[in-house]
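The structure appears right after this line, and notes come after that.
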Amino acid sequence: MSTTYRQRHRTGNTISFEASRAQGIYGSMAQSIAGSTSIRTQNNRTAAPADAVELTLRVRYAETDQMGVVHHANYLVWFEAARSEFCRQRDIDYRQMETDGLLLPMAESHCRYLKPAFYDDEVVVRSWVMDVKRSVLRIGYEATRGDTLLATGETVQVLVDRASMRPRSFPQHISDRFKGTTRELEENE
Numbered sequence: 385m386s387t388t389y390r391q392r393h394r395t396g397n398t399i400s401f402e403a404s405r406a407q408g409i410y411g412s413m414a415q416s417i418a419g420s421t422s423i424r425t426q427n428n429r430t431a432a433p434a435d436a437v438e439l440t441l442r443v444r445y446a447e448t449d450q451m452g453v454v455h456h457a458n459y460l461v462w463f464e465a466a467r468s469e470f471c472r473q474r475d476i477d478y479r480q481m482e483t484d485g486l487l488l489p490m491a492e493s494h495c496r497y498l499k500p501a502f503y504d505d506e507v508v509v510r511s512w513v514m515d516v517k518r519s520v521l522r523i524g525y526e527a528t529r530g531d532t533l534l535a536t537g538e539t540v541q542v543l544v545d546r547a548s549m550r551p552r553s554f555p556q557h558i559s560d561r562f563k564g565t566t567r568e569l570e571e572n573e
C-alpha cells in the first residue's frame with residue numbers, strides 16, 4: 385500500500401513523495417513529518433536564539449579537502465556534535481532514552497554553505513530547538529568563525545519505538561527539556 389504526500393514549499397512549488405508500508409521506518413517517518421514544516425533553504429541569516437547551545441571546535445587537517453577548505457560533509461558531523469552537546473546541557477540522556485526503547489533517527493538534514501572554513505580555524509556551532517511536535521524534533525544550526533557566518537542548517541528527527549520502529553509521542557519530560565520549559569531549567573536562568 386502506498387500513499388502520496390504533498391507539501392507546499394515556501395517557493396510555492398509542491399513537493400510530492402510516496403511512503404509505503406513496505407518502507408518500514410522511513411514510510412512511518414514520512415507520514416509523521418508530512419504534516420510538519422519541511423526543511424527550507426535559508427537565504428537570509430536568522431540569528432540563533434539566546435538559548436542556543438554553543439560548541440567550539442578547531443578544524444582538524446583531516447577535515448579539509450584538496451582545495452584546503454573544510455569538506456562539506458563535516459558540517460553535518462559538527463551539527464551532530466552540537467546536537468549532542470545541546471542534549472547534555474539540557475540534561476537529555478539519549479543513552480537512557482535508548483535503554484527505555486526510544487530512538488531518534490534522522491528523517492531530514494539540510495546545510496547551506498555560505499563561506500569556507502580552513503584548517504586550524506576556531507568554529508562555533510550553535511544549536512537550538514526550532515520545533516517539537518508529538519514525535520517530530522526540528523533543530524536549527526549555525527556555524528561561525530568569529531563574526532563570519534559559515535553555514536546554517538536544520539535537521540528533522542522522529543521519535544520512534546525501538547521494538548516497532550513506529551513513531552510515538554515524546555514523553556512530556558523529554559519534550560519539556562527540548563523546549564527548555566522544565567522547572568530545573570527555569571531555576572538555572
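Here the working numbering is used: the first residue of the sequence shown is 385, the next is one more, and so on. Here a beta-carbon is modelled for each residue, glycine too, at the ideal position from N, C-alpha and C. Model, not experiment: these values are computed from the prediction.
* Asked: When DSSP labels each residue in this structure, what does residue 534 get in the three-state scheme?
  -> The residue labelled residue 534 in the question sits at position 150 within the sequence shown. Correct three-state label for residue 534: strand.
* To do: Identify which residue in 502, 470, 537 and 520 has its Cα closest to the Cα of residue 526.
  => Walking along the sequence shown from the start, residue 526 turns up at place 142. Selected option, being the one with the closest Cα: 537.
* Leaving aside the five residues before and after residue 452 along the sequence, list all residues of the same chain whose C-beta is less than 8 Å from its C-beta, in chain order. => The count along the sequence shown starts at 1 and reaches residue 452 at position 68. Once the five neighbours on either side are set aside, the close Cβ partners of residue 452 are 502 and 503.
* Which residues in the same chain as residue 511 place their Cβ atom closer than 6 Å to its Cβ, once the five residues preceding and following it in sequence are excluded? -> As a working note, residue 511 is residue 127 in the sequence shown. Excluding positions up to five away in sequence, the list reads 437, 466, 467, 470, 523 and 525.
* Report, in whole angstroms, the separation of the C-beta atoms of residue 545 and residue 485, which I expect to be a contact under 8 Å. => As a first step, residue 545 is located in the sequence shown; it is residue number 161 there, counting from the start. As a first step, residue 485 is located in the sequence shown; it is residue number 101 there, counting from the start. So it is a contact: roughly 6 Å between Cβ atoms.
* Paired residues, beta bridge with residue 529 - DSSP -> Position 145 of the sequence shown, counted from the first residue, corresponds to residue 529. Its beta-bridge partners are 532.
* Quick one: using the 10 Å Cβ neighbour count with 16 as the cut-off for buried, is residue 551 buried or exposed? => Along the sequence shown, one-based indexing puts residue 551 at 167. Only buried fits residue 551, as 16 or more other CB atoms lie within 10 angstroms of its CB.
* Asked: Can you pull the DSSP bridge partners for residue 522?
  -> Sequence index remark: in the sequence shown, residue 522 carries index 138 (1-based). Paired residues: 515 and 540.
* What are the boundary residues of the alpha helix (DSSP H) that residue 482 is part of? -> Numbered from its first residue, the sequence shown carries residue 482 at position 98. Here the alpha helix (DSSP H) through residue 482 covers 478 to 483.
* **Residue(s) in a DSSP beta bridge with residue 495** => Within the sequence shown, numbered from 1, the residue matching residue 495 stands at position 111. 537.
* Give the straight-line distance between the Cα atoms of residue 556 and residue 548, rounded to the nearest whole angstrom. => Within the sequence shown, numbered from 1, the residue matching residue 556 stands at position 172. Within the sequence shown, numbered from 1, the residue matching residue 548 stands at position 164. The straight-line gap from Cα to Cα measures roughly 21 Å.
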